[in-house]
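A.B. asks: Chains as they are written, first to last, in full-length UniProt numbering: chain G, 1 to 626; chain U, 1 to 626. Even for Gly, the Cβ is constructed at its ideal location relative to N, Cα and C. Following this message is one structure expressed as structure tokens.
Protein chains: 2
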Amino acid sequence: MALPRLLARALHRAAAVSAPAAPDFNSFVVRTNTCGELRSAHVGQKVTLYGWIQYQRQGLFLVLRDFQGLTQIIIPQDEAHSHVKKLLSNAPVESVVRVTGIVSPRPPGQENPKMPTGDIEVKAETAEILNFCKKLPFEIKDFIKKSEALRMQYRYLDLRSLRLQHNLRLRSRVVMRMREYLCNLHGFVDVETPTLFKRTPGGAKEFLVPSREAGKFYSLPQSPQQFKQLLMVGGLDRYFQVARCYRDEGSQPDRQPEFTQIDIEMSFVDQAGIQRLIEGLLQYSWPEERGSITTPFPSMTYEEALAEYGTDKPDTRFGMKIVDISDVLRLSDIQFVQNALSYPRGTIRAICIPQGVRYLKNKDLESLKESAKSQFNQEIMEIIRRPDGSLKSLLTKFLGKKQQLELIQALNMQVDDVVLLAAGEHKQVCSALGSLRLLSASLLEAAGLALRDPTAFHFLWVVDFPLFLPKAENPTELESAHHPFTAPHPSDASLLHSDPTKVRSQHYDLVLNGNEVGGGSIRIHSAEQQRFVLEKVLKEDSEVLSHLLEALELGAPPHGGIALGLDRLISLIVDAPSIRDVIAFPKSFRGRDLMANAPDYVTPEELEPYHIQVSWPLEEKEAKKN
Amino acid sequence: MALPRLLARALHRAAAVSAPAAPDFNSFVVRTNTCGELRSAHVGQKVTLYGWIQYQRQGLFLVLRDFQGLTQIIIPQDEAHSHVKKLLSNAPVESVVRVTGIVSPRPPGQENPKMPTGDIEVKAETAEILNFCKKLPFEIKDFIKKSEALRMQYRYLDLRSLRLQHNLRLRSRVVMRMREYLCNLHGFVDVETPTLFKRTPGGAKEFLVPSREAGKFYSLPQSPQQFKQLLMVGGLDRYFQVARCYRDEGSQPDRQPEFTQIDIEMSFVDQAGIQRLIEGLLQYSWPEERGSITTPFPSMTYEEALAEYGTDKPDTRFGMKIVDISDVLRLSDIQFVQNALSYPRGTIRAICIPQGVRYLKNKDLESLKESAKSQFNQEIMEIIRRPDGSLKSLLTKFLGKKQQLELIQALNMQVDDVVLLAAGEHKQVCSALGSLRLLSASLLEAAGLALRDPTAFHFLWVVDFPLFLPKAENPTELESAHHPFTAPHPSDASLLHSDPTKVRSQHYDLVLNGNEVGGGSIRIHSAEQQRFVLEKVLKEDSEVLSHLLEALELGAPPHGGIALGLDRLISLIVDAPSIRDVIAFPKSFRGRDLMANAPDYVTPEELEPYHIQVSWPLEEKEAKKN
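The structure is reproduced here in structure tokens:
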């Protein structure tokens, strides 16, 4: 009869090994438990807890808090413990204390089912105040309501909040799982690349770092792009890095001058290979409490995304897609319609806002139209479907019954729906309607219509981007849609010489709930093709990239990669309004550290080794004089 | 009879789970195997390999290389495969190819037992040249002999070497294990802290980063010291980060302007707690092929280290300790001895070089003495024990028989040993002898004496450092021996007010084979004590640290931490001569990137947004003019 027991034990061991054990938070320290750990099973044990006083009442009890939870501590009232009572009664809220005592069941009826430790309390026997808290600059309870500037100034107090503790710990956990997937399961090598580098040609957004050689500067790169490609040339085969990146954009809401990307590059891989890798990565690292995600992710071409959603990062959690109604209206006798359709890429398109009549006020509709006008220079016409089924619009008098019916069918218009219609050039029309689609979705939700499931995560690949775009300042010249190392689509490679504007790229974006959370490409690995793109298409001086071109000549393998924007990804997972909520010490939108006051003035002597001096703007010069 | 089989299966599963599976290097790509993978068991399989041509011989066979190894490819000779033969015969060495073929046993007698894949070869059926390699700037075989500057310029070629592949992959693996230990086993949170920060007072070694606000600069911090302490105030409890740090020291051999440290901080911990944590961390992450390390590590006070090894980072792999012979010589009638002993910390000390007569030449001994003179301004006297047991030295005529015998016993002098003796002030004498100890060990080893086991790893804690040191430029003023946040030793706290020079700190260094690989401390958590240290002892303006002082007032827990120098640690593990051998893209010792040529000049227009201009040194101004 020994075998079954042995079997059970063996199976138990197998299970114990496969389920990762919880971390031991009490190793290397004196505490026996965290403040979130004690249950009825611990009753009778002598425990030592460390934490912050969350609340204290009339010298009778207090609530002790640490990163894991809250525990109720009963303050002893007998004469023998009068010093303990005195200590604990007089310590201000947020003071740091050690308490040793016995775990006891709460008196019947006083259990708190909302509190994980709500079945027990700890009867304090000894206590020590490790640090008194001076008067707080505000009540912690009201902290969340304080201005963000104040919360940034006292970031260490904000970090004690449940919300930030949760966000930062989840971030750490997700990144750890990503590392396990990449490193342990798929043989990627974590390689640290330099951040003091050479300025990228046209790298206007790169911070400069003066060196001790007069006139020479390092640059903080926006990504390890060149290095990761050189690692492939160096035979590293599979590289990843949780990479710190820098971007100087001046003041930008919800951008940070330094940010983090999960940076990945592989040799001998194609687009599908990278996509399957990333789907597996996200599935593996996805936090359990956020449900599961299904793979493969759907995919959409850039052209489809623009046509149906008016953007290259569609929010596919809801419908309201853009509908092409050019054919419905083509035969009508409407001036602006005919006008629009006469242009090469002229089109008539519309979105249908469900129940718009009931959920949107007139001023909402006006503001939508104004926004299209001011942001996209696009006129919008509205059509409403009345309760009797008929259409109300300035257009209707120009449309026959049949056309009206076709319109209703094409847009699937129900009673009380509102249609926004735009006519003009394809990209402008789609972009304007794409923007209105998102704005009206927010308006509908604000008015109480449940449109997007707040717990849903819709991943989407957007592919087949154009390789080049006309420059904004001079449309006869081309620039890279992403970066000059992106490989052309294999089917379009011959167009590179004849009509580069028509070449699609092997770039892919990963979109989550309408946010770009990643992007990458298969890279050019032929020196000849890379030189052609730089010199002939982009008309750039290839000399500054001579080291890369030379590397491609000396045995560069085909390779490709991707980078995921970690801050954005985590903020979407935890449903935070800003990436500042998933960064321990974020900068303000002006790029300032409000806690330590950075950036700050330095003395001319400190600038001397770097051979630079400040060019003061005139008014500041004057102010300094006075 | 089903049970035993079930049992076996369960046990097998348990074993399979507990032993981490090897990573799958062939996921997401077309290759079936890496070039290091095929064995006799694969014979008959059709495989697809990707790699670099390492070697090709007369159109008969070639050796294909990737990160995992080498595989011999047989080039087909029959007419039907003539195109394959043509392709593979004409591709230059280091070209990138795909080969598909059948795994076959090598003909008897042609197996290569030195090659892991030496039992098989792959008979190529199809092949593709993915990238031709142009003429290499030098033969790869000779690369190791080339100048380091050339290897840095073509770093991507150097990265293909077995040596660098091994170093970078081991580094990645060790860091991954460290993360598992910290994050998964002990509940540490990986938190990324900013690198664009405020200048530390007196932070002369910090790189500056100009901001878009005129005259204001960020600084790249030398470590996340302030942030990690603020995380503890924020209740994060256990923090770690593989942190990028910056240090501008101008030209320094074997220093890098950016480097990496394993940065750790814990709340509610004492010195012993941090030490046990680090011992466990290193034991857990230690690469198997380097043997195992035993814990706990030995510990030594700063005073002991200085007295016995003449340094705060003793190499304990060998003896030759410094011996105090003051008492032996005290009664002698030697002028310089009496002179030295008359000073407050006067001492006579010596080291004994085993078999020095046989292994050291006269010029070696002269150079040792000269180095003590030039570096430490310390005179050295030598004593030799002759084959007949007697002593030969300028000293002997002043010493009686008994004194000579005492000297021989105190230093355990054998025949042919050489003793180097120094008299003077304690610290100077010990430092000079400590330096001579290391120099003579290298000389002995160069001459063929096996002194230090090259496979041995001797970890050592050095503790009880002084908290403050006299400033070099003005010894009446004090500066922090490490940094101003280090807590005083609990037994010495009262001395802080009466005699700060006598206060020992709660700082600890981790030393490996005579190299400092880590350092940390328990920090001051009392705002009052921190303010006293800054204002009264160090006479610094505490205003620049007001945010930290305020944080200590608002519920800072007791805390401490450590940082391990990752580059140095890994270079010692792989026995690399320089940290440049464990960094993918290191800078030269002048801080230059020789591959991309950074730092580099930028245009005045690029400096404009940052309100700075270059102050050209005069001669450069002149050169620019001409």
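Along chain G, which residues have their Cβ under 7 Å away from the Cβ of valine 614 of chain U?
C.D. replies: On the second sequence, position 614 is the one that residue 614 of chain U refers to. Chain G residues near valine 614 of chain U: Ala214, Gly215, His611, Ile612.
A.B. asks: Below 8 Å on the Cβ atoms is my contact criterion, and I expect tyrosine 610 of chain G with arginine 212 of chain G to pass it. Report the Cβ-Cβ distance as a whole number of Å.
C.D. replies: As a first step, residue 610 of chain G is located in the first sequence; it is residue number 610 there, counting from the start. As a first step, residue 212 of chain G is located in the first sequence; it is residue number 212 there, counting from the start. Between arginine 212 of chain G and tyrosine 610 of chain G the Cβ distance is about 6 Å, and since that is below 8 Å, they are a contact.
A.B. asks: Can you list, in chain order, the residues of its chain with a C-beta nearer than 7 Å to that of arginine 349 of chain U? Leave out the 5 residues immediately preceding and following it.
C.D. replies: Here the question's residue 349 of chain U lines up with position 349 in the second sequence. Cβ neighbours of arginine 349 of chain U beyond the five flanking positions: Ile322, Val323, Asp324, Ile325, Ala422, Val429, Cys430, Leu433.
A.B. asks: Going by alpha carbons, who is nearest to glutamine 68 of chain U out of U:Leu512, U:Val357, U:Asn33, U:Lys198?
C.D. replies: In the second sequence, counting from the first residue as 1, residue 68 of chain U sits at position 68. The candidate whose alpha carbon is nearest that of glutamine 68 of chain U is U:Asn33.
A.B. asks: List the residues of chain G that valine 357 of chain U touches, going by C-beta distances under 9 Å, in chain order.
C.D. replies: Along the second sequence, one-based indexing puts residue 357 of chain U at 357. Going along chain G, no residue has its Cβ under 9 Å from valine 357 of chain U, so there is no contact; the nearest lies around 48 Å.
A.B. asks: Any beta-carbon of chain G closer than 7 Å to the one on alanine 127 of chain U?
C.D. replies: Here residue 127 of chain U refers to the residue found at position 127 when the second sequence is read from its first residue. For alanine 127 of chain U, the answer is no, since every Cβ of chain G falls outside 7 Å of its Cβ.
A.B. asks: Give me the subset of the segment 84-99 of chain U whose CB atoms are less than 7 Å from a CB atom of chain G, sorted by chain position.
C.D. replies: Listed by position, the residues of the segment 84-99 of chain U near chain G (Cβ gap below 7 Å) are Glu94, Ser95, Val96.
A.B. asks: Between the Cα of glutamine 54 of chain G and those of G:Ala41, G:Gln72, G:Gly291, G:Lys46, spot the shortest distance and give me the residue it belongs to.
C.D. replies: By one-based count along the first sequence, residue 54 of chain G stands at place 54. The candidate whose alpha carbon is nearest that of glutamine 54 of chain G is G:Gln72.
A.B. asks: Indicate the three-state DSSP secondary structure (helix, strand or coil) for alanine 423 of chain G in the structure shown.
C.D. replies: Residue numbering aside, residue 423 of chain G sits at position 423 when the first sequence is read from its first letter. If DSSP states are grouped into helix, strand and coil, alanine 423 of chain G belongs with the strands.
A.B. asks: By Cβ distance, which residues of its chain are closer than 7 Å to leucine 6 of chain G, with the 5 residues on each side in sequence left out?
C.D. replies: As a working note, residue 6 of chain G is residue 6 in the first sequence. Summary for leucine 6 of chain G: the model assigns pLDDT 47, below 50, so the residue's position carries little reliability, and this model does not support an answer.
A.B. asks: Per the contact definition of three or more C-beta pairs closer than 8 Å, is the segment 393-406 of chain U in contact with the segment 367-374 of chain U?
C.D. replies: Judged by Cβ distances under 8 Å, the segment 367-374 of chain U makes no contact with the segment 393-406 of chain U, as fewer than three pairs qualify.
A.B. asks: Helix, strand or coil, according to DSSP, for proline 604 of chain G in the structure here?
C.D. replies: Here residue 604 of chain G corresponds to residue number 604 of the first sequence, with the count starting at 1. Helix, per DSSP.
A.B. asks: As an exercise, report each continuous alpha helix (DSSP H) stretch of at least 4 residues that is fully enclosed by the segment 366-437 of chain U, in chain order.
C.D. replies: For the segment 366-437 of chain U, whole alpha helix (DSSP H) runs of length 4 or above, ordered along the chain, are 401-411.
A.B. asks: What does arginine 160 of chain G reach in chain U if we use C-beta pairs closer than 7 Å?
C.D. replies: For the purposes of this step, residue 160 of chain G is taken as the residue at position 160 of the first sequence. Residues of chain U passing the Cβ test: Gly234, Gly235.
A.B. asks: List, in chain order, every chain U residue whose beta-carbon is nearer than 7 Å to that of methionine 595 of chain G.
C.D. replies: Here residue 595 of chain G refers to the residue found at position 595 of the first sequence. Within chain U, the residues near methionine 595 of chain G are His547.
A.B. asks: Look up histidine 507 of chain U in the DSSP assignment and give the residues it is bridged to.
C.D. replies: In the second sequence, the residue the question calls residue 507 of chain U occupies position 507. For histidine 507 of chain U, which the question treats as bridged, DSSP gives the partners U:Ser521.
A.B. asks: Can you check whether the CB of leucine 236 of chain U is closer than 7 Å to the CB of valine 189 of chain U?
C.D. replies: Numbered from its first residue, the second sequence carries residue 189 of chain U at position 189. Numbered from its first residue, the second sequence carries residue 236 of chain U at position 236. In contact: valine 189 of chain U and leucine 236 of chain U (Cβ atoms closer than 7 Å).
A.B. asks: Suppose contacts are defined by Cβ-Cβ distances below 7 Å. Is leucine 451 of chain G in contact with leucine 436 of chain G by that definition?
C.D. replies: In the first sequence, counting from the first residue as 1, residue 451 of chain G sits at position 451. In the first sequence, counting from the first residue as 1, residue 436 of chain G sits at position 436. Contact flag unset, no.
A.B. asks: Counting C-beta neighbours from all protein chains within 10 Å, is the total for asparagine 167 of chain U 16 or more, i.e. buried, or is it exposed?
C.D. replies: Here residue 167 of chain U refers to the residue found at position 167 of the second sequence. When all chains shown are included, asparagine 167 of chain U counts as buried.
A.B. asks: Would a check of beta-carbon distances place asparagine 131 of chain G closer than 7 Å to chain U?
C.D. replies: The sequence position of residue 131 of chain G within the first sequence is 131, counting from 1. For asparagine 131 of chain G, the answer is yes, since a Cβ of chain U falls inside 7 Å of its Cβ.
A.B. asks: Looking at the structure shown, is glutamine 271 of chain U part of a helix, part of a strand, or coil, going by DSSP?
C.D. replies: Taking the second sequence and counting its residues from 1, the one referred to as residue 271 of chain U is at position 271. In the structure shown, glutamine 271 of chain U sits in a helix (DSSP, three-state: H, G or I).
A.B. asks: Between the beta-carbon of residue 703 of chain U and the beta-carbon of phenylalanine 25 of chain G, is there less than 7 Å?
C.D. replies: Examination of residue 703 of chain U is not possible in this model, given that chain U is present from 1 through 626 alone.
A.B. asks: Let me know if phenylalanine 336 of chain U comes out buried or exposed under the rule of 16 or more other beta-carbons within 10 Å of its beta-carbon.
C.D. replies: Within the second sequence, residue 336 of chain U is the residue found at index 336, counting from 1. Exposed: under 16 other Cβ atoms inside 10 Å.
A.B. asks: Consider the Cβ of phenylalanine 277 of chain U: report whether some Cβ of chain G lies at a distance smaller than 7 Å.
C.D. replies: Locating residue 277 of chain U in the second sequence gives position 277, counting from the first residue. The sequence shown places leucine at residue 277 of chain U, rather than the phenylalanine named in the question. Leucine 277 of chain U counts as touching chain G.
A.B. asks: Using the DSSP secondary-structure output, state which residues sit across from methionine 266 of chain G in a beta bridge.
C.D. replies: The residue you call residue 266 of chain G lines up with position 266 of the first sequence. BP columns for methionine 266 of chain G point to G:Arg238, G:Gly560.
A.B. asks: How would you list, in chain order, the residues of chain G whose beta-carbon sits under 9 Å from the beta-carbon of threonine 195 of chain U?
C.D. replies: On the second sequence, residue 195 of chain U is found 195 positions in, with the first residue counted as 1. Under the 9 Å cutoff, chain G gives Thr195, Leu220, Arg244, Tyr246, Glu258.
A.B. asks: Can you tell me the Cα-Cα spacing of histidine 81 of chain G and threonine 126 of chain G, whole angstroms?
C.D. replies: What you label residue 81 of chain G is simply residue 81 of the first sequence in a count that begins at 1. What you label residue 126 of chain G is simply residue 126 of the first sequence in a count that begins at 1. Approximately 8 Å between the Cα atoms of the pair.
A.B. asks: By DSSP, does proline 609 of chain U sit in helix, in strand, or in coil?
C.D. replies: Within the second sequence, the letter at position 609 stands for residue 609 of chain U. Correct three-state label for proline 609 of chain U: helix.
A.B. asks: Just to confirm my understanding: we take proline 500 of chain G, look at its own chain, exclude 5 residues before and 5 after, and list those with CB closer than 8 Å. What are they?
C.D. replies: Residue mapping note: residue 500 of chain G aligns to position 500 of the first sequence, counting from 1. The answer, listed in chain order, is Leu467, Phe468, Leu478, Val537.
A.B. asks: Three-state secondary structure (DSSP) at asparagine 515 of chain U?
C.D. replies: To locate residue 515 of chain U, count along the second sequence from 1; it is residue 515. Three-state result, asparagine 515 of chain U: strand.
A.B. asks: Assign threonine 195 of chain U to buried or exposed, taking buried as 16 or more other Cβ atoms, counted over all protein chains shown, within 10 Å of its Cβ.
C.D. replies: What you label residue 195 of chain U is simply residue 195 of the second sequence in a count that begins at 1. Buried, because 16 or more other Cβ atoms sit within 10 Å of the Cβ of threonine 195 of chain U.
A.B. asks: Out of U:Asp364, U:Leu38, U:Val122, point me to the one whose CA is closest to asparagine 76 of chain U's CA.
C.D. replies: Against the second sequence, residue 76 of chain U aligns to sequence position 76. The sequence given here places proline at residue 76 of chain U; asparagine does not occur at that position. Minimum Cα distance to proline 76 of chain U is reached at U:Val122.
A.B. asks: Could you tell me whether any Cβ in chain G is nearer than 7 Å to the Cβ of glutamate 79 of chain U?
C.D. replies: The residue labelled residue 79 of chain U in the question sits at position 79 within the second sequence. No, glutamate 79 of chain U lies away from the interface with chain G (no Cβ there is under 7 Å from its Cβ).
A.B. asks: In terms of alpha-carbon separation, which member of U:Glu535, U:Gln409, U:Leu130, U:Phe217 lies closest to leucine 87 of chain U?
C.D. replies: Position 87 of the second sequence, counting from 1, holds the residue named residue 87 of chain U. Among U:Glu535, U:Gln409, U:Leu130, U:Phe217, the Cα nearest to that of leucine 87 of chain U belongs to U:Leu130.
A.B. asks: Distance check for isoleucine 274 of chain U and serine 104 of chain U, CA to CA, integer angstroms please.
C.D. replies: Counting from one through the second sequence, the residue named residue 104 of chain U turns up at place 104. Counting from one through the second sequence, the residue named residue 274 of chain U turns up at place 274. Rounded to the nearest angstrom, the two C-alpha atoms are 55 Å apart.
A.B. asks: CA-CA distance, arginine 169 of chain G and aspartate 263 of chain U?
C.D. replies: In the first sequence, the residue the question calls residue 169 of chain G occupies position 169. In the second sequence, the residue the question calls residue 263 of chain U occupies position 263. For arginine 169 of chain G and aspartate 263 of chain U, the distance between alpha carbons rounds to 17 Å.
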